[in-house]
């Protein structure tokens, strides 16, 4: 059995080379993994952090906040021990900064987890659901995407939580949203911690697009002792997203397509301050209402016609999904037809060129939004993304990371009209 004494032997061995090695501190532009123990402030915790902390102790490097691995207010040899244990996955506690900017110390191992938020899907991607004991009511009700959780205890929702049910499950760890329904989640956290101070609450959204999602997933991997599995999943996720990012970054502002994004209902749209607007930007679109105040606003035919978007994208919140037979696009076709014939849009460029697209919340909302971003990119710039295949990525995600027996050639309707597939 590996003990702290073994780690200390490693410290002594490492110390011999300290004067010859000078780990590089991450630059200001680089991503920093906000876990105490990430002494050199890069994107992982490894032997470079161990060495960097030793050099801090010997006054050979400037002290960093995250070098205080055991979070006791000072940097010393005990922090080196803690870093060694984190590397081995044998630490007794781990201190992280969550997405609500809270410094939280998690006691380990985590043995009983209650999930109010969308964290469960990410946990399944990194093979970390074995210790889940309670889930929200939407998971229990979703027998297609979460079939294995149908008989799990429900703790309600963040809007209508069953606090007594959650407490009865005696969780070590509870996942709540960080920025979504903040006041509701604050109230749940207060009630849980007041009733049982041994409960640790972590606040992650797990639905916000791009780098934020990567950050949350990395932290979850360390908290749940699934670092290797997390790296495997993020290699898949970032490989896909980087393919889109690299092409979009080559576009000049003048070359970017102007887009009217309609969210859920007629004339309801999002600015770039909202998650929907940010997804559009990641796909290379130029939101015609980007700079309007607030996150979600109601507009009208005159405002849209004045901006004359090249493309219209409508997000459908309830239509479509995995229960429909593949190719059964009638509902989405009706939505598109209504927009194409809507009074006030007759002379809009997007309508004239039939650049009107429908995408469902299943692949542009929530944790799966990365799939939808690929569909947007293909619609906006078909000539740039001829080899991008969002459907194939969706299938791999379902099969390889979600462990679901869903064949997208047989089941599922998510976009209309579908973009051309890659040339065979």
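Numbering (my numbering), first residue to last: 38 to 461. In this text, a Cβ means the ideal position worked out from N, Cα and C, and glycines have one as well.
May I ask you to report which of helix, strand or coil DSSP gives residue i?
i: residue 388; result: helix
i: residue 249; result: helix
i: residue 195; result: coil
i: residue 212; result: strand
i: residue 65; result: Note that residue 65 scores 46 on pLDDT, short of 50, meaning its location in the model is unreliable; the coordinates nonetheless yield the value given after this. Note: residue 65 maps to coil in three-state DSSP.
i: residue 181; result: coil
i: residue 140; result: strand
i: residue 171; result: strand
i: residue 259; result: helix
i: residue 163; result: coil
i: residue 73; result: coil
i: residue 453; result: strand
i: residue 443; result: coil
i: residue 394; result: strand
i: residue 326; result: coil
i: residue 204; result: helix
i: residue 422; result: coil
i: residue 157; result: helix
i: residue 380; result: coil
Hey, quick one: how far does the beta strand (DSSP E) through residue i stretch, first residue to last?
i: residue 448; result: 448-450
i: residue 333; result: 333-335
i: residue 352; result: 348-353
i: residue 360; result: 358-362
Please check the pair residue i and residue j, which I expect to be a contact at CB under 8 Å, by giving their CB distance rounded to whole angstroms.
i: residue 306; j: residue 298; result: 6 Å
i: residue 262; j: residue 346; result: Contact doesn't hold; Cβ gap of about 47 Å is too wide.
i: residue 209; j: residue 148; result: 6 Å
i: residue 241; j: residue 154; result: 7 Å
i: residue 151; j: residue 203; result: 5 Å
i: residue 260; j: residue 133; result: 7 Å
i: residue 142; j: residue 130; result: 5 Å
i: residue 90; j: residue 116; result: 5 Å
i: residue 236; j: residue 211; result: 6 Å
i: residue 337; j: residue 304; result: 6 Å
i: residue 404; j: residue 159; result: 6 Å
i: residue 16; j: residue 459; result: The shown model of the chain, from 38 to 461, leaves out residue 16, and the question about it has no answer.
i: residue 6; j: residue 112; result: Residue coverage of the chain in this structure runs from 38 to 461, which leaves residue 6 outside it and unanswerable.
i: residue 162; j: residue 438; result: 4 Å
i: residue 88; j: residue 70; result: That pair is no contact at about 17 Å.
i: residue 397; j: residue 440; result: Not quite, the Cβ-Cβ distance comes to about 22 Å (not below 8 Å), so this is no contact.
The alpha helix (DSSP H) with residue i in it runs from where to where?
i: residue 147; result: Run containing residue 147: none; DSSP gives neither H nor E here.
i: residue 239; result: Per DSSP, residue 239 belongs to no alpha helix (DSSP H); it is in the beta strand (DSSP E), 237-240.
i: residue 344; result: 338-344
i: residue 412; result: 406-417
i: residue 401; result: 398-401
i: residue 223; result: 219-232
i: residue 427; result: 427-433
i: residue 369; result: 367-377
Please confirm whether residue i has its beta-carbon closer than 8 Å to some beta-carbon of chain D.
i: residue 363; result: Judged by its chain identifiers, the structure shown contains no chain D, having just a single protein chain.
Secondary structure, beta strand (DSSP E): runs of 3+ residues fully inside the segment 266-324: DSSP runs (the beta strand (DSSP E)) wholly in the segment 266-324: 295-300, 305-307.
State whether the segment 317-333 contacts the segment 377-394, with contact taken as three or more CB pairs (one from each stretch) at a distance under 8 Å. Flag = no, the segment 317-333 and the segment 377-394 do not touch.
Runs of 4 residues minimum, wholly inside the segment 75-133: which ones carry the alpha helix (DSSP H) assignment? As for any alpha helix (DSSP H) of minimum length 4 sitting wholly inside the segment 75-133, the runs are 84-94, 114-125, ordered along the chain.
Touch check for the segment 262-279 and the segment 233-251: three-plus C-beta pairs under 8 Å? Touching, yes, given that three or more Cβ pairs across the two stretches are closer than 8 Å.
Counting Cβ pairs, one atom from each stretch, are 3 or more of them under 8 Å apart for the segment 213-232 and the segment 128-139? Contact between the segment 213-232 and the segment 128-139 is present, because at least three Cβ pairs lie under 8 Å.
Three or more C-beta pairs closer than 8 Å, one from the segment 112-131 and one from the segment 72-85: is that the case here? The segment 112-131 is in contact with the segment 72-85.
contact_flag[the segment 361-374, the segment 442-459] where n(CB pairs < 8 Å) is 3 or more: Yes, the segment 361-374 is in contact with the segment 442-459.
I want to know whether the segment 339-358 touches the segment 405-425 - three or more CB-CB distances under 8 Å. By the Cβ test, the segment 339-358 is in contact with the segment 405-425, since at least three Cβ pairs between them sit closer than 8 Å.
Can we say the segment 418-432 touches the segment 385-392, given the rule of at least three CB pairs closer than 8 Å? No, the segment 418-432 does not touch the segment 385-392.
How about the segment 173-181 and the segment 191-200: do they share at least three Cβ pairs that are nearer than 8 Å? Touching, yes, given that three or more Cβ pairs across the two stretches are closer than 8 Å.
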